[in-house]
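**Student:** Count along the sequence shown from 1, then add 157; that gives the number in our numbering.
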Amino acid sequence: MSKTPPAEYFQVYVWDLPMRFHHWLNALCVFGLGVTGFFIGRPVSIASSADASSQYLFGWLRFAHFVFAYVFFFNFLGRLYWGFAGNSFARWKSYPPRTPAKWREVFQVLCIDIFLICKLPIQSMGINALAGIIYSFMYLAIVFQIFTGFALYSVLSPGWFPRLFAWVIPLFGGVQAVRQWHHLFTWIFVAFTMMHIYLSWYHDYLEGRGTISSMIGGWKFIEKTTR
Numbered sequence: 158m159s160k161t162p163p164a165e166y167f168q169v170y171v172w173d174l175p176m177r178f179h180h181w182l183n184a185l186c187v188f189g190l191g192v193t194g195f196f197i198g199r200p201v202s203i204a205s206s207a208d209a210s211s212q213y214l215f216g217w218l219r220f221a222h223f224v225f226a227y228v229f230f231f232n233f234l235g236r237l238y239w240g241f242a243g244n245s246f247a248r249w250k251s252y253p254p255r256t257p258a259k260w261r262e263v264f265q266v267l268c269i270d271i272f273l274i275c276k277l278p279i280q281s282m283g284i285n286a287l288a289g290i291i292y293s294f295m296y297l298a299i300v301f302q303i304f305t306g307f308a309l310y311s312v313l314s315p316g317w318f319p320r321l322f323a324w325v326i327p328l329f330g331g332v333q334a335v336r337q338w339h340h341l342f343t344w345i346f347v348a349f350t351m352m353h354i355y356l357s358w359y360h361d362y363l364e365g366r367g368t369i370s371s372m373i374g375g376w377k378f379i380e381k382t383t384r
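#1: Considering only DSSP beta bridges, list what ILE379 is partnered with.
#2: In angstroms with no decimal places, state the Cα-to-Cα distance between ILE290 and VAL228.
#3: Do you know offhand how far ARG261's Cα is from ILE271's?
#4: What separation, rounded to the nearest whole angstrom, lies between the Cα atoms of HIS222 and VAL201?
#5: Between ILE369 and VAL169, which are expected to be in contact by the criterion C-beta below 8 angstroms, what is the C-beta distance as a whole number of angstroms?
#6: What's the C-alpha gap between ILE284 and TYR213?
#7: Between the alpha carbons of VAL332 and GLY367, how many angstroms are there, rounded?
#8: Got a sec? Which residues, its chain only, sit under 7 angstroms from PRO319 by beta carbon, not counting five neighbours each side?
#9: Which of the three DSSP states, helix, strand or coil, is assigned to LEU313?
#10: Ignore the nearest five residues each way along the sequence and tell me which others in TRP249's own chain have a CB closer than 8 angstroms to its CB.
#11: Considering only the beta carbon of each residue, do GLY191 and PHE225 sit closer than 7 angstroms?
#12: Cα separation between LEU313 and HIS360?
#13: Roughly how far, in whole angstroms, is the beta-carbon of PHE342 from the beta-carbon of PHE301, given that I think they are within contact range, below 8 angstroms?
#14: Closer than 7 angstroms by C-beta to ILE274: which residues in its own chain qualify, once you throw out the five before and the five after it? Chain order, please.
#15: From what residue to what residue does the alpha helix (DSSP H) around ASN244 run?
#16: Leaving out five residues before and five after PHE349 in sequence, what residues of the same chain have Cβ atoms less than 7 angstroms from its Cβ?
#17: Buried or exposed for GLY194, please, with buried defined as at least 16 other CB atoms from any protein chain shown within 10 angstroms of its CB.
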C-alpha cells in the first residue's frame, strides 16, 4: 500500500503588524461597544441602598461606550489609510473580485461554506473572494455605525466633533429612527462575529494553513504546488 508523500510548504507573510493590530483592537471595540450598547438600550435595575446619584452606573456605561466609539473610529481611520499603504493583502483593491477566476472562487467558497458539497481547499493566500465581498460590506456597515453613533452622541454632547454628524438625525427622520437603525446594525455585527469565528476555525481545519495563527504571527503556510 503506497503512502502519500508529505506535502511541502512555504511561508507567506500575509498579515503585517498594522493589520493584526487593527484586527484585535477592532475585535475589542466591537465587543465593548456591543456589551455597553446592550445595557444602554436595555438598562438593568440593581437593588441597592445607596443613593442613585452616588452610583453612576449608567453614566459609566455611557462613558465606556463613548471611549470605545472613539477608539473604534480612529482605528478605522488607520485601516482606511493602510488599505492604500499596506502590503498587497491589506490593500482595498484586493477585496472585490476583479477576474473570472476570483468569481469562480466565490462560487467555490459558497459550495464549501454554505452548500457543504465541496471540501477542496481554497487556493487564495489572503482572504478568499467571498470574504472580500463580505468584508467590503462590513466596512460600509462600520461607516454607517460611526455616522449614526456620533449623530446620537451629538444630541447631548457640546463638543464640536459629534456635532459634525448632527445632520444625520433629520435625514433619518428623528432621533428614535437613528437609534433603531444603530441598534439593528449592531445585530449585524453580532451575526458577522459568530460567522467569522466559525469560518476561520473551519477553514483552518480544512486547509491547514494557519488561518487562526496568521492573525497572531502574520504567517500562512502554503503548499508549494499552489504557488
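The beta carbon of each residue, even a glycine, is placed where N, CA and C say it ideally should be.
**Tutor:** Walking through what the data contain:
#1: PHE167
#2: 25 angstroms
#3: 15 angstroms
#4: Roughly 16 angstroms between the two C-alpha positions.
#5: Contact doesn't hold; Cβ gap of about 15 angstroms is too wide.
#6: 44 angstroms
#7: 45 angstroms
#8: PHE307, TYR310 and SER311
#9: coil
#10: The residues are GLY240 and PHE241.
#11: no
#12: 45 angstroms
#13: 6 angstroms
#14: CYS268
#15: No alpha helix (DSSP H) contains ASN244, which DSSP labels as neither H nor E.
#16: MET295
#17: buried
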